[in-house]
Each structure stands twice: as C-alpha cells, then as structure tokens.
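Numbering (our numbering), first residue to last: 101 to 479.
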Amino acid sequence: MIGQELIQKLESIHNQTDSWIIKSPGRINIIGEHTDYNYGFCLPAAIELAVFMGLSPSDKFQINAWDRKESWNIVDTIRPDWAVYFKAILNYALKENLPVKTFSLDFTASLPSGAGLSSSSSITCGFLYALNLMNSWNIPLEQLTSIAVIAEKESGVEGGMMDQISIFNGSKDHALLIDCLDWSFKKIPILLANYQWTIVDTKVKHKLIDSDYNNRSRLCKKIANKCANHFGIEENLRIVYEQYSKEEFGFLESQEKNLLSYVIEENDRVKAMTKSILSQDISSIGSLLFSGHEGLRNKYQVSCPELDFLIDFAAKSSAAIGARMMGGGFGGSSLHLIKENCTEEFTQEISQAYRSKFGFAPDVYKADISNGVELINKK
101 MIGQELIQKL ESIHNQTDSW IIKSPGRINI IGEHTDYNYG FCLPAAIELA
151 VFMGLSPSDK FQINAWDRKE SWNIVDTIRP DWAVYFKAIL NYALKENLPV
201 KTFSLDFTAS LPSGAGLSSS SSITCGFLYA LNLMNSWNIP LEQLTSIAVI
251 AEKESGVEGG MMDQISIFNG SKDHALLIDC LDWSFKKIPI LLANYQWTIV
301 DTKVKHKLID SDYNNRSRLC KKIANKCANH FGIEENLRIV YEQYSKEEFG
351 FLESQEKNLL SYVIEENDRV KAMTKSILSQ DISSIGSLLF SGHEGLRNKY
401 QVSCPELDFL IDFAAKSSAA IGARMMGGGF GGSSLHLIKE NCTEEFTQEI
451 SQAYRSKFGF APDVYKADIS NGVELINKK
C-alpha cells in the first residue's frame, strides 16, 4: 500500500505525455554473503520495498530527494551524499557519448537506506534504467548490469555484481542462484508454505564506503594474489577453493585463513541452501542460516553487537526457523525465516527485547519477493 501511495504522488507531478515512473526494488540475500566479489555463488531476491522515481523533461537538470528534503543540480559543486550514485551514471553517459535529455527527477522510497538492503544499488539501477528508456539508448539488461557495477565502483564501493543482477533480473516469488564468475543465474522458487521471510533493521546505519567492507574486499584480493604466486595460477579465489584443500594454505596468515575458510564454507552453504529450498527442507534451511551468521561473526568478522543480539534472540525463539545478518555488515539488517502464524508475535517480542537492550526499537519488514526494476507507468 505504501508503494502504491508513493507512485500516485509521483504521478501527480510527472504527468506529461513523456514522463516516466520507475520502481527499483531492494534485495535480500538468502545466503552467499561477501561471495560475489570472490567469484563464488549467492542466492539473492528482489523485494517489494523499493525506490520510486519520477522523471520528466525539463529546461534544467534537477534531482529531488523527497525523503531527505534535499535537491541537487549537476552544476552544483556541493552535493548531498546520495548524489554520488546519480553522478556516477551521468559520468558514464558523458564518457560513452550517450545522449541525455535535460530532466527533472523526484525520488522517494519504501526501502530504508543503510539497512543492508541495497538502497544505493536500487538508486543506481533505477536511474540507469530510466535514462535508458527516456533517451532511447536501447541497451539490454545484461549490459545495463555491467554499467551499474562500473558506476557503483566509481562511487567508492569495491563490491561485486550481486545487487545489480538481482535488481535488474528479479522475479516474483523467486530467488536468483548467481554464479559470480560468469554472472549467469537460475531462478529458484522461494515460496515456503506457512513461512515468512522477515527483515529486522538494527537501525545502526553504515555507509559501505566508510566501513571495513572495502577492507575485506582488499584482503581477499591480497589472498588471491598470494595464492596465485604460491600455486602458479590465475589470481582468482574461485580457482583456489575449487582446486586446493584447506591443508594447503599454511603459507597464509591467521586472518587470511579465516577469510578464505569462510568463503569456501559459504559457497558450500549456497549450494546446500538451494537444494534445501527446492526440497522444502525447512530444518536444513534454518540450520544453514544460523551457520552462515556464525561464519560472518567469527571468521569474516563483519557482524556487530546489535546483529548478534537479533540472531541470538531468534535462536531461542520457537517462532523462528533460522536467521543471519545480511548485507555488508557492521550494522544493517538481519534476515529471519518465521512461522507465518507467528510473525506478529515474533515482531513484538524481538522489538521489545531489542529496545530493552539498546534503548530503541528496530524496524521490522515483511520481505515479499518481487520482480526486478520496472516501468510502472509512461504517460
């Protein structure tokens, strides 16, 4: 309902014959965290929580962030933090000599920012999709995905391609099993009868550019380089963990061994999770979620006290099947699989417990699985 109300507000302003309304979803990741930039596997899904954009021709470039009550014109030397994602796409268009008509853009969201639900990629992908339509670039989705990845790296995040692939290619009631080596994916039915995927936002906000996220990416590149020199192979962690056993990594430092061990185990969990979902093995799904969090907490070390509290609470709750932290880490959200008839009770209990511990309540959302970025209406 919230999403529809936001669309109607945008339509009331962007009501010209050549106006565009775009919905760009966020995403959850069932399992496969920090594996995309390590050429592994992941299992994300687009969700109904989204960024909504209205775009119309104008006599000057203007972008308005309704939720922040901020605006940015591309000639402004001082820009809000969110403008970096729009600027990266515009820079790419300029570099590639792609025509860009002057436009006015308003955007708003039901998707929270800083919650580990890929709000930055939602903006990037949605804006790129809108410009592709408005300017008749006729660039296919596969190429748009590559452009969005390049643009986000320009903004400072040294991530992979999981977010962009899931946002452009999401399918209602399906997750995407992505092979991050060649960017191929398979649609996996994700509906689990009598169970609800649920997001709990710690409201501990993180900015990936300023966090240890990039440090993890750089450390993994360092590990790949060490392994390449040691084994005489291509600098690629996928080759390392597919061709060599843990016993052969004695030349790595302790932290490097932990990071590599996590990546190997997480890829195994993605494969196991896919089989468990297809066979509706609820118990196994729950165990894999908890196991994934333990790896992120103890080996990859990207969790935080707020996230650990939520997962520990879920482990003791009869309503929860499994849970893990989600996203880059150091804040953001946890993903929970909850018995459908217990979601309201679980929401109240975990919110009360969290408030008692940290002094404020988390935000809780249903994670309804949706289609990817789409044109809602062209006037």
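Where a beta carbon is used, it is the ideal one built from N, C-alpha and C, also for glycine.
* Asked: For Ile309, does the three-state DSSP call read helix, strand or coil?
  -> Position 209 of the sequence shown, counted from the start, is the residue given in the question as residue 309. With a pLDDT of 45 at Ile309, under the threshold of 50, the modelled position of this residue cannot be trusted, and the question is left open.
Express the C-alpha separation of Ala324 and Val166 in angstroms, rounding to a whole number. As a first step, residue 166 must be located in the sequence shown, where it is residue number 66. As a first step, residue 324 must be located in the sequence shown, where it is residue number 224. Position check: residue 166 holds Trp in this sequence, whereas Val was assumed. C-alpha separation (whole angstroms): 43 Å.
(message) Which same chain residues end up closer than 6 Å to Ile189 when comparing Cβ atoms and leaving out the 5 residues on each side of it in sequence?
(response) Within the sequence shown, numbered from 1, the residue matching residue 189 stands at position 89. Residues of the same chain with a CB within less than 6 Å of the CB of Ile189, apart from the 5 flanking positions on each side, are Phe227, Leu228, Ala251 in chain order.
Would you kindly work out how many angstroms separate the C-alpha atoms of Thr298 and Ser221, rounded to a whole number?
As a position in the sequence shown, residue 298 is number 198, starting the count at 1. As a position in the sequence shown, residue 221 is number 121, starting the count at 1. So the alpha carbons of these two residues sit roughly 21 Å apart.
request  = Determine the closest residue to Gly214 out of Gly395, Lys305, Ile121, with distance taken between C-alpha atoms.
outcome  = To locate residue 214, count along the sequence shown from 1; it is residue 114. The shortest C-alpha separation from Gly214 is found at Lys305.
Beta-carbon proximity check, Phe141 vs Asp263, cutoff 8 Å:
If you number the sequence shown from 1, residue 141 lands on position 41. If you number the sequence shown from 1, residue 263 lands on position 163. No.
Distance, Leu410 Cα to Gly79 Cα: Since the first and last residues shown for the chain are 101 and 479, residue 79 lies out of range.
**Study point:** When Leu217, Leu205, Gln380, Ser219 are compared against Tyr295, the one with the closest alpha-carbon
**Key:** The sequence position of residue 295 within the sequence shown is 195, counting from 1. Among Leu217, Leu205, Gln380, Ser219, the Cα nearest to that of Tyr295 belongs to Gln380.
If I measure Cβ to Cβ from Ile309 and keep anything under 8 Å in the same chain, skipping five residues before and after, which residues do I get? Residue 309 sits at position 209 when you count from the first residue of the sequence shown. Its pLDDT being 45, under 50, Ile309 is placed unreliably in this model, and the value from its coordinates should be taken loosely. Closer than 8 Å at Cβ, skipping near neighbours: Ser255, Gly256, Val257.
Item to complete: For the beta strand (DSSP E) holding Ser433, just list the boundary residues, first then last.
Response: Numbered from its first residue, the sequence shown carries residue 433 at position 333. In this chain, the beta strand (DSSP E) harbouring Ser433 covers 433–439.
Can you list, in chain order, the residues of its chain with a C-beta nearer than 6 Å to that of Ser171? Leave out the 5 residues immediately preceding and following it. On the sequence shown, position 71 is the one that residue 171 refers to. Contacts found: Asn164.
### Message
I need the DSSP call for Gly154, collapsed to helix, strand or coil.
### Response
The residue you call residue 154 lines up with position 54 of the sequence shown. The answer is strand: DSSP assigns Gly154 an E or B state.
For Ile147 and Asp468, which I take to be in contact (beta-carbon distance under 8 Å), what is that distance rounded to the nearest angstrom?
Reading the sequence shown from its first residue, position 47 is the one you call residue 147. Reading the sequence shown from its first residue, position 368 is the one you call residue 468. Right, the Cβ-Cβ distance comes to about 6 Å (below 8 Å), so this counts as a contact.
* To do: Taking 8 Å as the threshold, find out whether the segment 396–411 comes into contact with the segment 190–197 through three or more Cβ pairs.
  => no
*With distances taken between CB atoms, is the gap from Ser219 to Leu231 smaller than 8 Å?*
As a working mapping, residue 219 is identified with position 119 in the sequence shown. As a working mapping, residue 231 is identified with position 131 in the sequence shown. Contact: no.
Within a Cβ cutoff of 8 Å, which residues of the same chain sit near Phe285, ignoring the five residues on either side of it in sequence? Here residue 285 refers to the residue found at position 185 when the sequence shown is read from its first residue. Within the same chain, Phe285 has close Cβ partners Ile265, Asn269, Leu276, Leu277, Ile278, Asp279.
Are Tyr313 and Gly428 close, meaning C-beta to C-beta below 8 Å?
Here residue 313 refers to the residue found at position 213 of the sequence shown. Here residue 428 refers to the residue found at position 328 of the sequence shown. Their beta carbons are under 8 Å apart, which means Tyr313 touches Gly428 by this criterion.
Point to revise | Span of the beta strand (DSSP E) around Leu277 | key: Locating residue 277 in the sequence shown gives position 177, where the first residue counts as 1. Segment 274–279, the beta strand (DSSP E) holding Leu277.
* In DSSP terms, what Gln162 is bridged to -> Walking along the sequence shown from the start, residue 162 turns up at place 62. Gln162 pairs with Ser204.
### Query
What residues are listed by DSSP as bridge partners for Ser271?
Here residue 271 refers to the residue found at position 171 of the sequence shown. Answer is His274, bridged to Ser271.
>> I'd like the span of the beta strand (DSSP E) that includes Thr117, first residue to last.
In response: Position 17 of the sequence shown, counting from 1, holds the residue named residue 117. No beta strand (DSSP E) contains Thr117, which DSSP labels as neither H nor E.
- Message: Please tell me whether Thr202 and Asp159 are closer than 8 Å, where the distance is taken between their beta carbons.
- Response: One-based indexing of the sequence shown puts residue 202 at position 102. One-based indexing of the sequence shown puts residue 159 at position 59. Contact flag set, yes.
Going by C-alpha to C-alpha distance, which of Ser434, Phe430, Ala420, Leu435 sits closest to Thr443? Numbered from 1 along the sequence shown, position 343 holds the residue referred to as residue 443. Closest option to Thr443, Cα to Cα, is Ala420.
Start and end residues, alpha helix (DSSP H) containing Lys375
In the sequence shown, the residue the question calls residue 375 occupies position 275. Lys375 -> alpha helix (DSSP H) spans 354–378.
**Asked** Looking only at DSSP bridge pairs, what is Pro144 linked to?
**Response** For the purposes of this step, residue 144 is identified with residue 44 of the sequence shown, where counting begins at 1. Per DSSP, the beta bridge partners of Pro144 are Asn129.
Closer than 7 Å by C-beta to Ser451: which residues in its own chain qualify, once you throw out the five before and the five after it? Chain order, please.
Reading the sequence shown from its first residue, position 351 is the one you call residue 451. Around Ser451: Ala461, Pro462, Val464.
| In three-state terms, what does DSSP make of Phe285? | On the sequence shown, position 185 is the one that residue 285 refers to. The DSSP-derived three-state label of Phe285 is strand.
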